[in-house]
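Beneath this line is the structure, given in structure tokens, with notes to follow.
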Amino acid sequence: MVTVTTAMPSAPTLYGLVSSCQQDDTDRTMIYGCLAMDYIPDVTRVTWKKDDEKLTDGVKIYSSVRDEKGTYTLSSQLTLTESETNCSKIYCEVQHSESNKSIAMPCPSEDSPPTLFLTVSSREDIESSKYTTVLCSIIAFHPKSISVSWLKNGLPMDSNFFTSPVCEAYGKFSATSWLNISAVEWFHSAVYTCQVTHQGLTQSRSINAPQKAPNHSTLECESGICDYLDYTVKILPPPVEQVLLDATVTLTCVVSKLGSGVLVTWTQGEETVKSEIANQPGDAPDSVTSTLVISTQAWLSGDHFDCSVNHQHLPTPARDSIRKEKVTNLLEPSVSVLLPTSEEVSEQTVVSLTCLVRGFFPREVFIKWTTNNRPVTPSNYRNTKVMAENDNTSFFMYSLLSITAEEWASGASYSCVVGHEAIPLKTISRTVDKSSGAIDGSWIEDYEDDNGNSWTTASTFITLFFLSISYSTAVTLMKVK
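Numbering (the working numbering), first residue to last: 45 to 525.
Below, the structure written as structure tokens:
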């Protein structure tokens, strides 16, 4: 199922079109087109009529297409024999939640202004060729004579564009104009305008070059120096605790430095699963986020998930992909807890419990604390970053819980809870209270090394821990007498 979130509803704009240049004159048929553009939500029905009679033969209705602005475009075609044609009485009606509109088909002999459309090369083509082609399609005008020019930031251009000869079909004319510019020019945020003058009336369509280049890429330029344009699209993986304990997980797509109106489309493999205008603010002031909730099993299976971003400043979508990598050499963590000394309890108002988690792989792990089986507020403990051990094939980290000496002396129990995918039941805990250690400052551990000197190993790591977090109020861990 595809979930779509759109902007405010808007009614379609209708255009009546005549046969394209590819028509075979020997068919002795007239082909009309009805084009509905820039509407939200999708249209309900398209109907062709001659006078007030509904036409069904010769009608084709093509599927609607959603563009980068989040609006829809739909087209329909009617084919009539020459004897049936009376264009002044042929209508296309479009039913939409915001309006019911109709448009009469133009007659080939009537004067009619052109309709303009602008398209641009794909991002892949721009990056590979180092050039950008902007295409201006000029369709369904009469009489034949037109004048085409291109502007850059409102100033006339005198080169790098080409306009095709005018093509005729059933008394209507069409033409195409191409503008070729370097990728460097394109990514410098200029505005390019196709300007067409017909029967003294001038029309124009403009397109903005993007303010940012594709993620983490630069473009070669003749001088050897290019601007680095730094919008980003990044998918954040689900939290480790969510993956281990919940039936569903959340992926977050963070889009930075593009502003509002960002259309985000999520795909799983080849299937589109969600599309929305991202409006949830991110952690940074210039970012927005979109989230996708999936089953934990889908994440663990290694499926590819793609976040595709469309925006008015982007000629083609920007995207990021993510998947859960398979891990074969899992290492289960060992968990140890350091108790406060009786001297600390008697001399200080705040004491610390320290949880050492080491020897695990991969690096994704979580640590949290509970007291008497109730969660401890996260602000009461601090976790270090995950750090590589000496052989770089396993990892370790610490967590420091601060409690009052009175709480510890009361006999309350405290548990260090650790989650990791190598643990058979996904989590393991070490529970301690004031009676846990017979020796002040002892470690409560789940392992002992081959030489029985686990205290030496732990004390070395705990020294690194306090260096890593610079905990200014930390108590003395070892005392040399």
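Note that the Cβ used here is the ideal one computed from N, Cα and C, for glycine as well.
What first and last residue would you give for the alpha helix (DSSP H) that runs through residue i?
i: I170; result: 167–173
i: Q312; result: Where Q312 is concerned, there is no enclosing alpha helix (DSSP H), although the beta strand (DSSP E) it sits in stretches over 306–312.
i: E369; result: Segment: none, E369 is in no alpha helix (DSSP H) and carries neither H nor E.
i: T340; result: 340–344
i: E376; result: Element bounds for E376: n/a, residue is neither H nor E.
i: A453; result: 449–453
i: E408; result: Here E408 belongs to no alpha helix (DSSP H), and DSSP marks it neither H nor E.
i: V87; result: That residue, V87, is in no alpha helix (DSSP H); it is neither H nor E in DSSP.
i: E388; result: 386–391
i: E285; result: 284–289
Assuming residue i contacts residue j (C-beta within less than 8 Å), just tell me the rounded distance between them.
i: S377; j: G403; result: Checking the sequence, you will find Pro at residue 377 rather than Ser. About 6 Å; that satisfies the 8 Å criterion.
i: T448; j: V394; result: 6 Å
i: A322; j: V389; result: Going by Cβ atoms, the distance from A322 to V389 rounds to 51 Å, so no, they are not a contact pair.
i: E137; j: T91; result: 5 Å
i: T398; j: Y442; result: 6 Å
i: A234; j: N197; result: 5 Å
i: V353; j: V308; result: 6 Å
i: C297; j: S334; result: 5 Å
i: A55; j: K188; result: Going by Cβ atoms, the distance from A55 to K188 rounds to 33 Å, so no, they are not a contact pair.
Using DSSP's beta-bridge definition, name the partner residues of residue i.
i: K196; result: L199, Y236
i: N354; result: L307
i: A80; result: L58, L118
i: W413; result: C460
i: I251; result: Y236
i: E439; result: In the sequence on display, residue 439 carries Phe and not Glu. For F439, which the question treats as bridged, DSSP gives the partners F404, A432.
i: L469; result: Answer by DSSP bridge pairing: none, since L469 is not bridged.
i: K104; result: Q121
i: I75; result: T123
i: S331; result: S300
i: K94; result: E97, I134
i: N424; result: N424 pairs with nothing; no bridge assigned.
i: S446; result: S396
i: Q324; result: T333
i: P419; result: T414
i: E212; result: F217
i: K362; result: Position check: residue 362 holds Ala in this sequence, whereas Lys was assumed. Paired residues: V353.
i: H186; result: S156
i: H242; result: L245
Note down, in chain order, each residue of its chain lying with its Cβ closer than 7 Å to the Cβ of residue i, except the 5 sequence neighbours on either side.
i: F439; result: F404, F405, R407, V430, M431, A432, E433
i: I472; result: V379, V462
i: P528; result: Since the first residue of the chain shown is 45 and the last is 525, residue 528 is not available in this structure.
i: V293; result: P282, Q286, V287, I338, T340, W343
i: D95; result: K133
i: V284; result: E408, V409, F410, G463
i: V178; result: L162, V164, L223, Y236, I251
Given residue i, which residues of its chain have a CB within under 6 Å of its CB, disregarding the five upstream and five downstream residues?
i: Y59; result: L79, T159
i: D149; result: Reading off the sequence shown, one finds Met at residue 149, where the question assumed Asp. Closer than 6 Å at the Cβ level, and outside the excluded window around M149, lie G60, Y76, C131, I134.
i: S181; result: F161, T220
i: H260; result: Per-residue confidence for H260 stands at a pLDDT of 36, beneath the threshold of 50, marking its modelled position as unreliable; no derived number is given.
i: L302; result: Y275, H355
i: V317; result: W310
i: S120; result: C78, V90, I105
i: T415; result: A456, Y458
i: I170; result: T176, A227
i: S108; result: D86, Y116, L118
i: A184; result: L61, V62, T159, K216
Between which two residues does the beta strand (DSSP E) harbouring residue i extend?
i: Q121; result: 116–125
i: A219; result: 216–226
i: E97; result: 97–99
i: A148; result: 143–148
i: T276; result: 276–280
i: F205; result: 205–207
i: I27; result: The structure shown has nothing for residue 27, since the chain only spans 45 to 525.
i: V164; result: 159–164
Is any non-hydrogen atom of the ligand MG found closer than 7 Å to the C-beta of residue i, if you look at the structure I gave you?
i: Q392; result: By its list of ligands, the structure shown contains no ligand whatsoever, and the ligand MG lies outside what it can speak to.
Between which residues of its own chain and residue i is the CB-CB distance below 8 Å, once the five residues before and five after are set aside?
i: G313; result: D347, H348
i: A291; result: S339, T340
i: I483; result: At I483, the pLDDT of 44 sits below 50, so the modelled position is not reliable and the matter cannot be decided from this model.
i: L245; result: P157
i: A466; result: L374, L375, E376, P377, F404, F405
i: Y515; result: Unreliable positioning characterises Y515 in this predicted model, as indicated by a pLDDT of 37, which lies under 50. The coordinate reading is nonetheless provided below. The answer, listed in chain order, is R426, L444.
Practice task
Could you say if the segment 187–194 and the segment 230–240 meet the contact criterion of at least three C-beta pairs nearer than 8 Å?
Solution key: Cβ pair count under 8 Å is three or more, so yes.
Practice task
Would you check if there are 3 or more beta carbon pairs closer than 8 Å linking the segment 212–230 to the segment 275–284?
Solution key: As far as the Cβ criterion goes, the segment 212–230 does not touch the segment 275–284, which means the pair count is below three.
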